[in-house]
Each structure stands twice: as C-alpha cells, then as structure tokens.
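Trainee:
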Amino acid sequence: MQPLFLGLDLSTQQLKAVLVREDHSILHESSVRFDQDLPSYETENGALKGPAEGEVTSPVAMWLDAFELLAERMKQAGVDFGSIAAISGAGQQHGSVFWSYDAEDALASLDPSQTLTSQLSPKAFSLPRAPIWQDSSTTRECREIEEAVGGPQILADITGSRAYERFTGTQIARIRRVNAEAYKATSRISLVSSFMPSVFLGRIAPIEISDASGMNLMNVLTCKWDDILLDICGGPELRSKLGPEPVSGGTCLGNISSFWTNRWGFNPNCLIAPFTGDNPATVVALSFPGDALLSLGTSTTFLLSIPPADIPPKRFTTSHLLSHPTTAPDAQIAMLCYKNGALAREQVRDKYADSDWSNYNTLVDSGNPGCNGYMGLYFPLPEIIPPGVKGEFFFRNGRFVPLVQVTEEEVPQAFQPRMILESQFLSIRSRIAAILPPDSPPLQRLVVTGGSSANHTIRQLAADLFNMKVYVSTTKEAAGMGGALLAKYAWWKQNGNSKGTFEEMNAMMEGESTGMKCVAEPREEVAMQYDGLVASYTACEEEVVKIWATKDV
Ligand code: XUL
Numbered sequence: 001m002q003p004l005f006l007g008l009d010l011s012t013q014q015l016k017a018v019l020v021r022e023d024h025s026i027l028h029e030s031s032v033r034f035d036q037d038l039p040s041y042e043t044e045n046g047a048l049k050g051p052a053e054g055e056v057t058s059p060v061a062m063w064l065d066a067f068e069l070l071a072e073r074m075k076q077a078g079v080d081f082g083s084i085a086a087i088s089g090a091g092q093q094h095g096s097v098f099w100s101y102d103a104e105d106a107l108a109s110l111d112p113s114q115t116l117t118s119q120l121s122p123k124a125f126s127l128p129r130a131p132i133w134q135d136s137s138t139t140r141e142c143r144e145i146e147e148a149v150g151g152p153q154i155l156a157d158i159t160g161s162r163a164y165e166r167f168t169g170t171q172i173a174r175i176r177r178v179n180a181e182a183y184k185a186t187s188r189i190s191l192v193s194s195f196m197p198s199v200f201l202g203r204i205a206p207i208e209i210s211d212a213s214g215m216n217l218m219n220v221l222t223c224k225w226d227d228i229l230l231d232i233c234g235g236p237e238l239r240s241k242l243g244p245e246p247v248s249g250g251t252c253l254g255n256i257s258s259f260w261t262n263r264w265g266f267n268p269n270c271l272i273a274p275f276t277g278d279n280p281a282t283v284v285a286l287s288f289p290g291d292a293l294l295s296l297g298t299s300t301t302f303l304l305s306i307p308p309a310d311i312p313p314k315r316f317t318t319s320h321l322l323s324h325p326t327t328a329p330d331a332q333i334a335m336l337c338y339k340n341g342a343l344a345r346e347q348v349r350d351k352y353a354d355s356d357w358s359n360y361n362t363l364v365d366s367g368n369p370g371c372n373g374y375m376g377l378y379f380p381l382p383e384i385i386p387p388g389v390k391g392e393f394f395f396r397n398g399r400f401v402p403l404v405q406v407t408e409e410e411v412p413q414a415f416q417p418r419m420i421l422e423s424q425f426l427s428i429r430s431r432i433a434a435i436l437p438p439d440s441p442p443l444q445r446l447v448v449t450g451g452s453s454a455n456h457t458i459r460q461l462a463a464d465l466f467n468m469k470v471y472v473s474t475t476k477e478a479a480g481m482g483g484a485l486l487a488k489y490a491w492w493k494q495n496g497n498s499k500g501t502f503e504e505m506n507a508m509m510e511g512e513s514t515g516m517k518c519v520a521e522p523r524e525e526v527a528m529q530y531d532g533l534v535a536s537y538t539a540c541e542e543e544v545v546k547i548w549a550t551k552d553v
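Residues in the sequence shown are numbered consecutively from 1, following UniProt numbering.
Below you can see the structure in the form of structure tokens.
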C-alpha cells in the first residue's frame, strides 16, 4: 500500500484538503466553503462581525462541521483513509480557540457514532466564536503591551513584530479584560493551527513555532514563550493555558484517535504532525532561496525566506519576522500582510466592472502605468499597513481629492480596477528593500499564489510593477500542499531519517512537487515607469496616514 499524506488548510473562507503521494504528486483535492456549504452559521466570507466595534470571529462549531463535511466529500470521492500515513496542515494565522475545562475529557472520549460538533460544541469551548485575523478590536491592548515593554521596537526585537490588533497575545488580553468569566473558564488556548491537530489527536496539541510567531508572546530567536509578555497579556495563569513550549514542524505529535479510525476508517498508525500558519505553509510548499512569494488570497501577503537576523533591525516596524516551520534557527520568514486583498479587489470589480473579471481585465489592460496621474488607496476593512486606516483615498497628480469631490471627471471610474492593483502592489514594492537582509542578491523570481494568481492581467501588472519574472506553481493550493509536505516530513523522519532536514527530503523529490512555470515577464519600459511611481505612492500613503490621524476624510 502506497503511503499518502494529507494536508488540510483551514482558511478564512473554506477548509481544503490536499492529498499527495510519496513523490508529492497530488492524488485528490476537496473543499468546503463556509458561506455556501454551512449557511446556518450565517457567516459572510467565513466571518461574523461585531457585536463590539472591530470584532471579527468565526464560529468554532462551523469549523467542526466543516471537518465532517470534508471527510464525507473525500469518502464519496473514493479516498481510502486507511492509506493516509500522516496528517498536517495550515490554519489562518492568529485566530484562537478557547477550550473549556471539559475539553480534554470531551476530546478523549469522542463517540464515533456521533458528530464532532454534537459532542464538542458548546461544552468543550469557553468561547463559541474564535477571534480571527480580521479582528481589529484590540488597539488599546496593543498600546498597553508596547508601553509595558518599552516601545514597539523592543516588542519587535523580542517577538519579530510590534503589536498588531490581530496578534493572539493582545486578543487574549482583551478577552481577559472584557470577558473575565470566559477567560477564567478557559483551560487551554489553541491557535487555529493547533486546534486542528487537537481534534485528530483527541487531546490538545502544542502550538507550532512559526505560527506562534504571530502572537507577540514568543521570543522569535529562541522559539520559547516570553514570561514577561505572557504575564502582560494573560497574567501568571497564561503559561498553563498555552500549554508546552512551541514545537517545530515535522515533529511527531502522536497517532490519530480512535474516533477517526472507527468513524472514517483511518489507519490507527496515521501520524499527526504540527500544523502551521497558512503563510509559513505556503513558504514551505513554494519557496526556494532567492524567491519572493506574493500570496493573493483573502489577505495579501508578501513572503521571503531569509537567513536569521542576529540583530533584530528597525526595519521590522511594519513587517513581521516569523520563525521558519522546518528550518529554524537557520532560516526565518519576513512577511508583509494586508487585510484588504481579494475582497477589496472584488468590491471594485463589482462596482466598476459589472461584477465580471473579464470586464475588469479589459479596463486594467486599457489603462497606463500610473493611471494618468490618478492614485487610489482602498481599505474597506481597517488596514494593517498603514495601521488602522479605513476608507477610500484618491489623488490626482499627487493632490488629495476628498471623497465629497470625487466625480467622474476628478476620478474616472474606468481607472479604478487598475488603481487598486497599482496601489496594493506599490505599497509592497516600496517596502521590499527594508525587509531584505543587508547585501542580499537581487530577488530572482516572484512566485504568485492564491485566487488572483490565476488572473493573467494581474500577473502581468505584477511582473511590470515588481520588475521580476512572475512564476506560478502547478500546485494551486499552496498552503494545503505545504501541510501535506509537513505531514510527509514527520513520517519520513520517523522512518529512518530522524536527523534528515526538510530540504534533504525535498531534494530527493526534485521536480515532482514544485513545477514552476513563468507566466509573465516584465516589459522594460513599463517597469521603468513604475520605478518612478514608488516615491509618488509613498507620498500619497503618508498623506493618507496624516488625514486618517485627523479623521479629516
Ligand atoms: C497573516 C494574516 C493573514 C492570515 C490569512 O499575518 O493575518 O494572512 O493568515 O489567513
């Protein structure tokens, strides 16, 4: 029997499965979309807003239902669960699941004749809704934690990031403040990525190092919890709520629980490995040294695998430094993350291109770089970069056009599809030099992934604007694929390669998994025009930040 490896990706809008063979080729993919497939939870794009300003959550029971539905779909498609040798995966970063004191018992005694949801929800959770990465309700806690350690740069020096609203430490601090009862009733706190293996193991799994870097609670160089930060965010009891120190990718956490063997026919020897965040999993699946990764999903992220920084530099004030899931301490990941990615582009498509991507592309293709002097910054959700800014901001030849004055003449509608792409990408481009380690060779390739990476117009604009050749991988589901590779890594280490590195495992499979195809090349004269636009973008963004500070929109 050929061993198979399952990678699961619990993202904002769906749960996906990628099942691969030992040579990393894909045997099967399935998915469950939360809004469409589980409408009773009434989520919009997988999330619920409110009740408090800035709060964004997802129902934990919906995720459990999604596990059942996904398993059902895989079974219908003929997947032989008994052949799966190991499971790992990826979760949207930062989201947290609060377990009750009944959780360990409930997980350990799951009855295979009943569903996960009926047995775990609500009794195994002290909060029925998990705060997710789109949440921006913790500004007060962000300032408090930064002040308590001596400022944002000091926090970034320790954890790899200054305080961000979505990071789990401040989320915990806010729940402790506004819902002390729930905090008290919490036995353990998981990230989305450690919640998933917990359900497979039948006990609460440790948190993984790369995803732990998105909490503002772990020392990014030593990969250990920082007691001072733990105390600031959750008091002395937080250490026990977080469980053991974070673990590396490829560790073997144990075997799958009898619930899964009896209910779905999994092999009792199936290994469960730590899951990581969706962004680190994408790096694991697609990154080669010298590549930049642009993930165009619900969020936009720009990712670089970099050698470890011995002196955490000033440059990390708007970017993040994450421990590498498999290669820490010899590598780290630098990341920029934007909340307004695909959903913001879709809003512009719906408003100005008749909700149709081919109309959208025609409008983009008929415009010029720099949109004849127009620039538009679009932040329907409070943004991460620049922090907290919300709304739409337009400029004509560098001059701010207040929204009340926006007429067809001032800001032509037909330019907007191109304007949003340009400003989203120029924001990244203006920050690349700052996140590259000093003396780095120029980046070789831009690997694009995520939903919008299938759009040829967006690929060409990226090639021109970043002045890099754009590649796509044959692997469409990069995070799920990264999860499947992490599953195989744990299994491979258990099977005679205990000291082997992830890179060694992959080198044996060269060419099988990561077929990269060049899909767009920069056009020299267009790329030169974009070089000149970086400074104009930065000036507009600075103006937006000033305007936002005075709320004079
Ligand atoms: C990364 C981030 C998002 C989520 C999306 O910091 O917040 O990219 O991981 O799933």
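For each residue, glycine too, the CB sits at the ideal point set by N, CA and C.
Quick caveat: nothing in here was measured; it's all calculated off a predicted structure.
#1: Tell me the rounded alpha-carbon separation between residue 539 and residue 387.
#2: In this structure, does DSSP put residue 209 in helix, strand or coil?
#3: Are there any heavy atoms of the ligand XUL lying less than 7 Å away from the beta-carbon of residue 359, as far as the coordinates show?
#4: Okay, do the segment 421-429 and the segment 456-467 touch, 3+ Cβ pairs below 8 Å being the bar?
#5: With DSSP run on the structure shown, which of helix, strand or coil describes residue 319?
#6: Could you tell me if residue 297 is buried or exposed, where buried requires 16 or more neighbouring beta carbons within 10 angstroms of its beta carbon?
#7: Return the first residue and the last residue of the alpha helix (DSSP H) that residue 62 is part of.
#8: If you draw a straight line from the C-alpha of residue 447 to the C-alpha of residue 305, how long is it?
#9: Hey, quick one: how far does the alpha helix (DSSP H) through residue 283 stretch, first residue to last?
#10: Hey, is residue 92 close to the ligand XUL, as in C-beta under 7 Å from one of its heavy atoms?
#11: Would you say the beta carbon of residue 142 is closer than 7 Å to some non-hydrogen atom of the ligand XUL?
#12: Could you check the C-alpha separation between residue 67 and residue 12 for me, to the nearest Å?
#13: How far does the alpha helix (DSSP H) with residue 169 in it extend, from its first residue to its last?
#14: Are at least three pairs of beta-carbons, each pair with one atom in the segment 466-478 and one in the segment 518-534, less than 8 Å apart?
#15: Could you tell me the distance, in whole angstroms, from the CA atom of residue 3 to the CA atom of residue 487?
#16: For a test of your reading of the model: does the CB of residue 367 fall under 7 Å from any non-hydrogen atom of the ligand SAM? Yes or no.
#17: Taking residue 300 as part of the beta strand (DSSP E), name the residues at either end of that continuous run.
#18: Looking at the ligand XUL, does it come within less than 7 Å of residue 11, judged from the CB to the closest heavy atom?
#19: Tell me, to the nearest whole angstrom, how far the beta carbon of residue 60 is from that of residue 128; I am working on the premise that it is less than 8 Å.
#20: Comparing C-alpha positions only, which one of 71, 122, 95 sits nearest to residue 55?
#21: With a threshold of 7 Å (Cβ to nearest heavy atom), would residue 301 be considered close to the ligand XUL?
#22: Entirely within the segment 477-511 and at least 4 residues each: give me those alpha helix (DSSP H) ranges in chain order.
#23: Using the beta-carbon count (16 or more within 10 Å), is residue 16 buried or exposed?
#24: How long is the line joining the alpha carbons of residue 192 and residue 253, rounded to whole angstroms?
#25: Which residue marks the beginning of the beta strand (DSSP E) containing residue 369, and which one marks its end?
#26: Is it true that the segment 96-112 meets the segment 187-202, where meeting means three or more beta-carbon pairs spaced less than 8 Å apart?
#27: Is it the case that the Cβ atoms of residue 412 and residue 364 are separated by a distance below 8 Å?
#28: Could you check if residue 138 belongs to the surroundings of the ligand XUL, using beta carbon to heavy atom distance under 7 Å?
#29: Return the Cβ separation of residue 171 and residue 211 in integer angstroms, given the expectation that the two are a contact with Cβ distance under 8 Å.
#30: Can you look up residue 157 in the DSSP assignment and give me helix, strand or coil?
#31: For residue 97, which beta-bridge partners are listed by DSSP?
#32: Is residue 133 near the ligand XUL, judged by its Cβ being under 7 Å from some heavy atom?
#33: Verify the contact flag: residue 431, CB atom, against every heavy atom of the ligand XUL, threshold strictly below 7 Å.
#34: Rounding to the nearest angstrom, what Cα-Cα distance links residue 548 and residue 389 in this structure?
#35: Could you pull out every residue in the same chain whose Cβ sits closer than 7 Å to the Cβ of residue 512, ignoring the five residues on either side in sequence?
Mentor: Taking the coordinates as given:
#1: About 16 Å.
#2: It is helical.
#3: Outside the cutoff, so no.
#4: Judged by Cβ distances under 8 Å, the segment 421-429 makes contact with the segment 456-467, as three or more pairs qualify.
#5: Coil.
#6: With 16 or more Cβ atoms within 10 Å of its Cβ, residue 297 is classed as buried.
#7: Element bounds for residue 62: 60-76.
#8: Straight-line Cα distance between these residues: approximately 12 Å.
#9: According to the DSSP assignment, residue 283 belongs to the alpha helix (DSSP H) that extends over 278-286.
#10: Result yes, Cβ under 7 Å from the ligand XUL.
#11: Not so, every heavy atom of the ligand XUL lies at least 7 Å from the Cβ.
#12: Those two C-alpha atoms are separated by around 14 Å.
#13: Run containing residue 169: 168-178, per the alpha helix (DSSP H) assignment.
#14: Three or more beta-carbon pairs drawn from the segment 466-478 and the segment 518-534 are found closer than 8 Å, and the two stretches are therefore classed as touching.
#15: Cα to Cα, residue 3 sits roughly 11 Å from residue 487.
#16: Here the bound small molecules are the ligand XUL; the ligand SAM is not part of this structure.
#17: 300-306 is the span of the beta strand (DSSP E), which, as asked, contains residue 300.
#18: It does: the Cβ of residue 11 is within 7 Å (strictly closer) of some heavy atom of the ligand XUL.
#19: Between residue 60 and residue 128 a beta carbon distance of about 6 Å is seen, short of the 8 Å cut, so the two are scored as contacting.
#20: The shortest C-alpha separation from residue 55 is found at 95.
#21: Yes, since a heavy atom of the ligand XUL falls inside the 7 Å radius drawn around the Cβ of residue 301.
#22: Listed in chain order, the alpha helix (DSSP H) runs fully inside the segment 477-511 are 478-494, 502-507, counting runs of at least 4 residues.
#23: Result: buried.
#24: Straight-line measurement puts the Cα of residue 253 at about 16 Å from the Cα of residue 192.
#25: Taken as a continuous stretch (DSSP letters only), residue 369 belongs to no beta strand (DSSP E), as it is neither H nor E.
#26: Yes, they touch.
#27: Their beta carbons are not under 8 Å apart, which means residue 412 does not touch residue 364 by this criterion.
#28: Relative to the non-hydrogen atoms of the ligand XUL, the Cβ of residue 138 never comes closer than 7 Å to any of them.
#29: Contact flag wrong, Cβ pair sits at about 14 Å.
#30: For residue 157, the three-state secondary structure derived from DSSP is helix.
#31: DSSP, once it has assigned bridges, lists 190 as partnering residue 97.
#32: At least one heavy atom of the ligand XUL is nearer than 7 Å to the Cβ of residue 133, so yes.
#33: No; taking the cut-off as 7 Å, the Cβ of residue 431 has no heavy atom of the ligand XUL nearer than that.
#34: In a straight line, the C-alpha of residue 548 is about 6 Å away from that of residue 389.
#35: Because residue 512 sits at a pLDDT of 48, beneath the cut-off of 50, its placement in the model cannot be relied upon, and the following sentence gives the value as read from the coordinates. Excluding residues up to 5 positions away in sequence, 23, 24, 25 lie with their Cβ nearer than 7 Å to the Cβ of residue 512 in the same chain.
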